[in-house]
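Beneath this line is the structure, given in structure tokens, with notes to follow.
2 protein chains.
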Amino acid sequence: MTPRQNRHRDRAGRGIPEATVARLPVYLRALTGLQERGVATVSSEELAAAAGVNSAKLRKDLSHLGSYGTRGVGYEVEYLVYQISRELGLTQDWVVAIIGVGNLGRALAGYGGFASRGFRVAGLLDADDAIVGQEIAGMTVQHTDRLEDIIATHGVSIAVIATPASAAQGVCDRVVAAGVTSVLNFAPVVLSVPDGVDVRKVDLSIELQILAFHEQRKAGGPDGLAPLAAGDAPPGTSQYVETVEA
Amino acid sequence: MTPRQNRHRDRAGRGIPEATVARLPVYLRALTGLQERGVATVSSEELAAAAGVNSAKLRKDLSHLGSYGTRGVGYEVEYLVYQISRELGLTQDWVVAIIGVGNLGRALAGYGGFASRGFRVAGLLDADDAIVGQEIAGMTVQHTDRLEDIIATHGVSIAVIATPASAAQGVCDRVVAAGVTSVLNFAPVVLSVPDGVDVRKVDLSIELQILAFHEQRKAGGPDGLAPLAAGDAPPGTSQYVETVEA
DNA sequence: GTGACTTTGTGCGCGTGTTCACAAAGGCTT
DNA sequence: AAGCCTTTGTGAACACGCGCACAAAGTCAC
Numbered sequence: 646m647t648p649r650q651n652r653h654r655d656r657a658g659r660g661i662p663e664a665t666v667a668r669l670p671v672y673l674r675a676l677t678g679l680q681e682r683g684v685a686t687v688s689s690e691e692l693a694a695a696a697g698v699n700s701a702k703l704r705k706d707l708s709h710l711g712s713y714g715t716r717g718v719g720y721e722v723e724y725l726v727y728q729i730s731r732e733l734g735l736t737q738d739w740v741v742a743i744i745g746v747g748n749l750g751r752a753l754a755g756y757g758g759f760a761s762r763g764f765r766v767a768g769l770l771d772a773d774d775a776i777v778g779q780e781i782a783g784m785t786v787q788h789t790d791r792l793e794d795i796i797a798t799h800g801v802s803i804a805v806i807a808t809p810a811s812a813a814q815g816v817c818d819r820v821v822a823a824g825v826t827s828v829l830n831f832a833p834v835v836l837s838v839p840d841g842v843d844v845r846k847v848d849l850s851i852e853l854q855i856l857a858f859h860e861q862r863k864a865g866g867p868d869g870l871a872p873l874a875a876g877d878a879p880p881g882t883s884q885y886v887e888t889v890e891a
Numbered sequence: 646m647t648p649r650q651n652r653h654r655d656r657a658g659r660g661i662p663e664a665t666v667a668r669l670p671v672y673l674r675a676l677t678g679l680q681e682r683g684v685a686t687v688s689s690e691e692l693a694a695a696a697g698v699n700s701a702k703l704r705k706d707l708s709h710l711g712s713y714g715t716r717g718v719g720y721e722v723e724y725l726v727y728q729i730s731r732e733l734g735l736t737q738d739w740v741v742a743i744i745g746v747g748n749l750g751r752a753l754a755g756y757g758g759f760a761s762r763g764f765r766v767a768g769l770l771d772a773d774d775a776i777v778g779q780e781i782a783g784m785t786v787q788h789t790d791r792l793e794d795i796i797a798t799h800g801v802s803i804a805v806i807a808t809p810a811s812a813a814q815g816v817c818d819r820v821v822a823a824g825v826t827s828v829l830n831f832a833p834v835v836l837s838v839p840d841g842v843d844v845r846k847v848d849l850s851i852e853l854q855i856l857a858f859h860e861q862r863k864a865g866g867p868d869g870l871a872p873l874a875a876g877d878a879p880p881g882t883s884q885y886v887e888t889v890e891a
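Listed in order, the protein sequences are those of chains W and X.
Every position in the first sequence, counted from 1, becomes a number in this note's numbering once 645 is added.
Every position in the second sequence, counted from 1, becomes a number in this note's numbering once 645 is added.
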């Protein structure tokens with residue numbers, strides 16, 4: 646029974662690899678940059694350089710969308726912008742709600758990258774009465790009591806969670822129950838959601854920790870400079886231990 | 646010549662896969678949560694659930710750090726916290742400078758996740774005279790003129806770039822020239838850096854676009870509901886085209 | 001001390017993603 | 001119109017990561 650566990654998503658869908666999807670927005674940004682500079686056509690080599698990827702990878706990525714290049718010439722910038730936008734679903738508007746208007750929520754509310762790509766912020770919500778009613782980026786902060794109301798009224802399909810970690814799962818449950826099927830989570834917790842709901846996570850602290858790892862590696866590794874062997878300090882012998890018997 | 650192009654990084658290093666490194670901070674957070682609740686030992690199954698991963702993957706990840714579990718029992722929480730912290734380089738302090746004190750920079754300056762993991766913010770810098778001198782999160786914003794000075798004086802090794810896109814590459818060049826070897830970039834541009842410098846990128850807009858793609862897929866795909874065939878609209882026939890000859 | 005039980009650590013097969021290298025295809029020159 | 005040159009699109013090899021499934025290893029009960 647259950648020969649394979651591929652029930653979590655259609656997986657094959659129409660067949661664009663996840664890794665490719667993650668790069669399409671990068672290509673799109675590079676292309677709009679070229680567009681603004683008046684460039685009409687671009688080769689895979691040039692575009693790949695602008696996007697910071699290998700040119701063969703770029704071509705294979707684009708080939709998943711169809712054959713939109715001209716051999717010997719390259720890709721027409723405007724055409725490619727349209728095709729990628731369409732594939733990503735940016736030719737239609739997406740309605741977003743931002744929950745949690747702390748420092749981060751405020752930054753998100755004022756972020757220009759949302760509106761410019763077809764994302765419309767339908768509401769800023771917070772549970773703190775001291776914040777509710779404030780005017781942020783041209784919008785009035787509303788109380789989270791109205792969450793379900795706002796989601797239904799504006800047809801919100803994407804929720805951005807910028808609450809403290811302790812509130813995130815509760816908010817997530819509510820937005821999912823209200824019909825939201827995509828969540829962008831900035832709270833430092835692992836959200837659990839039912840099948841069919843997509844969650845993406847952005848975690849500032851994790852990125853820094855990854856950098857710290859590589860930084861340490863460059864400096865000689867955790868054992869490189871310190872006179873400790875790998876696998877040093879068995880339990881009960883070092884200063885960090887408190888609850889272990891001696 | 647150049648039989649393989651693996652000069653960009655030591656790659657093998659001491660051999661912890663990149664995917665594992667990216668998950669260690671997640672495990673660490675789950676572990677400190679358990680620690681605060683007074684849990685002394687945890688099985689791979691429990692910890693994996695808390696971190697949102699497969700238990701076999703968790704065990705394999707931890708096995709790269711060494712054999713720190715006890716069969717039949719599990720892992721000692723406190724010991725594991727220490728080992729992961731050490732591997733990630735969090736047992737030492739990292740000095741960070743935040744460049745760009747707009748909405749996002751402000752949010753970062755006030756973000757608790759930095760200080761709690763051994764990241765010390767040595768300076769907030771901005772090029773705007775209207776912002777320089779302001780007090781943010783207990784620190785006085787300084788002018789970017791002093792960038793090199795501050796990096797040298799405080800021994801900054803990680804730069805966080807939260808400037809507008811147009812300023813990011815310039816700032817990046819300066820911090821790298823001043824000796825910084827790790828950069829966390831929030832600006833929506835592809836930074837180019839010399840070999841030996843690590844760049845990690847956080848892009849809010851890209852995450853949203855990826856969500857939009859999946860959301861559209863759930864709703865029937867770009868061609869699912871619309872009556873367009875895949876490969877529709879050859880050049881010169883649709884309304885978006887302006888520069889193509891008819 | 002012995003046996004049953006629990007949980008780790010890992011060998012192995014599979015799928016995904018990346019890169020090289022080249023044939024196919026189109027434009028441009030003469 | 002023919003051949004050269006540029007660039008795409010892709011086949012094939014390779015590298016990487018994931019997850020199953022199981023043997024090894026340790027604990028706990030009696």
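Just so you know, even glycine gets a beta-carbon here, dropped at the ideal spot from N, CA and C.
On a predicted model such as this, the values are computed, not experimentally measured, just so you know.
**Item:** C-alpha distance - X/ASP794 paired with X/GLN814, whole-angstrom precision
**Value:** Locating residue 794 of chain X in the second sequence gives position 149, where the first residue counts as 1. Locating residue 814 of chain X in the second sequence gives position 169, where the first residue counts as 1. Each residue's alpha carbon lies about 19 Å from the other.
**Prompt:** Using the C-alpha atoms, what's the distance from X/ARG731 back to W/ALA878?
**Reply:** Start at 1 with the first residue of the first sequence, and residue 878 of chain W comes out as number 233. Start at 1 with the first residue of the second sequence, and residue 731 of chain X comes out as number 86. Low per-residue confidence applies at W/ALA878: pLDDT is 38, beneath 50, and the placement is therefore not dependable enough to give any value.
**Cutoff 7 Å: X/PRO670 Cβ touching any chain W Cβ** = The sequence position of residue 670 of chain X within the second sequence is 25, counting from 1. Yes, because at least one Cβ of chain W sits closer than 7 Å to the Cβ of X/PRO670.
**Asked** How about W/VAL698 and W/VAL722: do their beta carbons lie closer than 7 Å?
**Response** In the first sequence, residue 698 of chain W corresponds to position 53, counting from 1. In the first sequence, residue 722 of chain W corresponds to position 77, counting from 1. In this structure, W/VAL722 does not lie closer than 7 Å to W/VAL698 by Cβ.
**Item:** Neighbourhood of X/VAL726 by C-beta distance below 8 Å, restricted to the same chain and skipping five residues each side
**Value:** In the second sequence, residue 726 of chain X corresponds to position 81, counting from 1. Correct list, in chain order: LEU673, LEU676, THR677, GLN680.
**Message:** At the level of alpha carbons, what is the spacing between W/PRO809 and W/ALA832?
**Reply:** Along the first sequence, one-based indexing puts residue 809 of chain W at 164. Along the first sequence, one-based indexing puts residue 832 of chain W at 187. The straight-line gap from Cα to Cα measures roughly 6 Å.
**Request:** Taking only beta-carbon positions, decide if W/ALA857 is within less than 7 Å of chain X.
**Result:** Residue 857 of chain W sits at position 212 when you count from the first residue of the first sequence. At least one chain X Cβ lies under 7 Å of W/ALA857.
**Request:** Answer yes or no: do X/SER827 and X/ILE803 have a C-beta to C-beta separation smaller than 7 Å?
**Result:** In the second sequence, the residue the question calls residue 827 of chain X occupies position 182. In the second sequence, the residue the question calls residue 803 of chain X occupies position 158. For X/SER827 and X/ILE803, yes; Cβs fall inside 7 Å.
**Item:** Three-state class that DSSP yields for X/THR808 in the structure shown
**Value:** As a position in the second sequence, residue 808 of chain X is number 163, starting the count at 1. Correct three-state label for X/THR808: coil.
**Message:** For a quick check, are the C-beta atoms of W/GLN861 and X/GLY714 less than 7 Å apart?
**Reply:** Taking the first residue of the first sequence as 1, we reach residue 861 of chain W at position 216. Taking the first residue of the second sequence as 1, we reach residue 714 of chain X at position 69. For W/GLN861 and X/GLY714, no; Cβs fall outside 7 Å.
**Message:** Among W/ASN830, W/VAL816, W/VAL801, whose alpha-carbon lies nearest the alpha-carbon of W/PHE764?
**Reply:** Position 119 of the first sequence, counted from the first residue, corresponds to residue 764 of chain W. Of the listed residues, the one whose Cα sits closest to W/PHE764 is W/VAL801.
**Prompt:** Which residues in the same chain have their Cβ closer than 8 Å to the Cβ of W/GLY683, if we skip the five residues on either side of it in sequence?
**Reply:** The residue you call residue 683 of chain W lines up with position 38 of the first sequence. Cβ within range, chain order: n/a, list empty.
**Asked** Would you call W/PRO670 buried or exposed, if buried means 16 or more other Cβ atoms sit within 10 Å of its Cβ?
**Response** As a first step, residue 670 of chain W is located in the first sequence; it is residue number 25 there, counting from the start. Buried, by the Cβ-count rule.
**Asked** I think X/ALA767 touches X/HIS799, with their Cβ atoms under 8 Å apart; what is that distance to the nearest whole Å?
**Response** Stepping through the second sequence from its first residue, residue 767 of chain X is reached at position 122. Stepping through the second sequence from its first residue, residue 799 of chain X is reached at position 154. Confirmed, about 4 Å.
**Message:** If contacts are defined as beta-carbon pairs under 8 Å, then W/ALA807 and W/GLY747 qualify, I think. What distance do you get, rounded to the angstrom?
**Reply:** Here residue 807 of chain W is taken as the residue at index 162 of the first sequence, counted from 1. Here residue 747 of chain W is taken as the residue at index 102 of the first sequence, counted from 1. Indeed they touch by this definition, with Cβ atoms about 7 Å apart.
**Request:** Taking 7 Å as the cut-off, decide whether the C-beta atoms of X/HIS859 and W/ASP843 are in contact.
**Result:** One-based indexing of the second sequence puts residue 859 of chain X at position 214. One-based indexing of the first sequence puts residue 843 of chain W at position 198. Yes, Cβ-Cβ distance for X/HIS859 and W/ASP843 is below 7 Å.
**Among W/PRO662, W/VAL825, W/LYS702, the one whose alpha carbon lies nearest that of W/TRP739** = One-based indexing of the first sequence puts residue 739 of chain W at position 94. Of the listed residues, the one whose Cα sits closest to W/TRP739 is W/VAL825.
**Asked** By DSSP, does X/ASP843 sit in helix, in strand, or in coil?
**Response** Residue 843 of chain X sits at position 198 when you count from the first residue of the second sequence. Strand at X/ASP843.
**Request:** Take W/HIS788 and list the residues in its own chain whose beta-carbon comes closer than 6 Å to its own, dropping the five residues that flank it on each side.
**Result:** Within the first sequence, the letter at position 143 stands for residue 788 of chain W. VAL777, listed in sequence order.
**Prompt:** According to DSSP, is W/HIS709 helix, strand or coil?
**Reply:** Residue numbering aside, residue 709 of chain W sits at position 64 when the first sequence is read from its first letter. Coil, per DSSP.
**Asked** Looking at W/ILE744 and W/VAL816, is the spacing between their C-beta atoms short of 7 Å?
**Response** Within the first sequence, the letter at position 171 stands for residue 816 of chain W. Within the first sequence, the letter at position 99 stands for residue 744 of chain W. Contact flag set, yes.
**Prompt:** In chain order, what residues of the same chain have a beta carbon less than 8 Å from the beta carbon of W/VAL838, not counting five sequence neighbours either side?
**Reply:** For the purposes of this step, residue 838 of chain W is identified with residue 193 of the first sequence, where counting begins at 1. Within the same chain, W/VAL838 has close Cβ partners CYS817, VAL821, VAL828, VAL844.
**Item:** Under 7 Å by beta carbon: chain X residues contacting W/GLY697
**Value:** Along the first sequence, one-based indexing puts residue 697 of chain W at 52. Ordered by position in chain X, the residues that pass the 7 Å Cβ test against W/GLY697 are VAL835.
**Request:** Please classify W/PHE764: does DSSP put it in a helix, a strand, or coil?
**Result:** Counting from one through the first sequence, the residue named residue 764 of chain W turns up at place 119. In the structure shown, W/PHE764 sits in a strand (DSSP, three-state: E or B).
**Request:** Have a look at W/THR665 and X/ASP848 and give me their C-alpha separation to the nearest angstrom.
**Result:** Along the first sequence, read from residue 1 onward, the residue named residue 665 of chain W stands at position 20. Along the second sequence, read from residue 1 onward, the residue named residue 848 of chain X stands at position 203. The straight-line gap from Cα to Cα measures roughly 16 Å.
**Asked** At a Cβ threshold of 7 Å, is W/VAL786 touching chain X?
**Response** On the first sequence, position 141 is the one that residue 786 of chain W refers to. Closer than 7 Å: no.
**Item:** For X/GLY757 and X/ALA782, believed in contact at Cβ under 8 Å, the rounded distance
**Value:** Taking the second sequence and counting its residues from 1, the one referred to as residue 782 of chain X is at position 137. Taking the second sequence and counting its residues from 1, the one referred to as residue 757 of chain X is at position 112. Between X/GLY757 and X/ALA782 the Cβ distance is about 10 Å, and since that is not below 8 Å, they are no contact.
**Request:** Consult DSSP for W/ARG654 and reduce its assignment to one of helix, strand or coil.
**Result:** For the purposes of this step, residue 654 of chain W is taken as residue 9 along the first sequence, with counting starting at 1. Because W/ARG654 sits at a pLDDT of 31, beneath the cut-off of 50, its placement in the model cannot be relied upon, and the following sentence gives the value as read from the coordinates. Here W/ARG654 sits in coil by DSSP.
**Request:** Could you tell me if W/ARG762 is buried or exposed, where buried requires 16 or more neighbouring beta carbons within 10 angstroms of its beta carbon?
**Result:** In the first sequence, the residue the question calls residue 762 of chain W occupies position 117. Buried is the call here.
**Prompt:** In this structure, does DSSP put X/GLY714 in helix, strand or coil?
**Reply:** Indexing the second sequence from 1 puts residue 714 of chain X at position 69. Three-state DSSP puts X/GLY714 in a strand.
**Prompt:** Can you name the residues of chain W whose CB is closer than 9 Å to the CB of X/ASP843?
**Reply:** Here the question's residue 843 of chain X lines up with position 198 in the second sequence. The answer, in chain order, is ILE855, LEU856, HIS859, GLU860, LYS863.
**Unbroken beta strand (DSSP E) run spanning X/GLY719, endpoints** = As a working note, residue 719 of chain X is residue 74 in the second sequence. First-last of the beta strand (DSSP E) with X/GLY719: 719-721.
**Prompt:** For W/LEU870, which three-state DSSP category applies?
**Reply:** Working through the first sequence from its first residue, we reach residue 870 of chain W at position 225. With a pLDDT of 48 at W/LEU870, under the threshold of 50, the predicted position of this residue should be treated as unreliable, and no value is reported.
**Item:** For X/ILE661, the nearest candidate out of X/LYS705, X/ILE851, X/LEU692 (CA to CA)
**Value:** Residue numbering aside, residue 661 of chain X sits at position 16 when the second sequence is read from its first letter. It is X/LYS705 whose Cα lies nearest to the Cα of X/ILE661.
**Prompt:** Are the CB atoms of X/ASP771 and X/VAL786 nearer to each other than 7 Å?
**Reply:** Position 126 of the second sequence, counted from the first residue, corresponds to residue 771 of chain X. Position 141 of the second sequence, counted from the first residue, corresponds to residue 786 of chain X. Yes. Within cutoff.
**Item:** Residue nearest to X/VAL834 in terms of C-alpha spacing, selected from X/ALA760, X/GLY750, X/ASP840, X/SER850
**Value:** As a position in the second sequence, residue 834 of chain X is number 189, starting the count at 1. Closest by alpha carbon: X/SER850.
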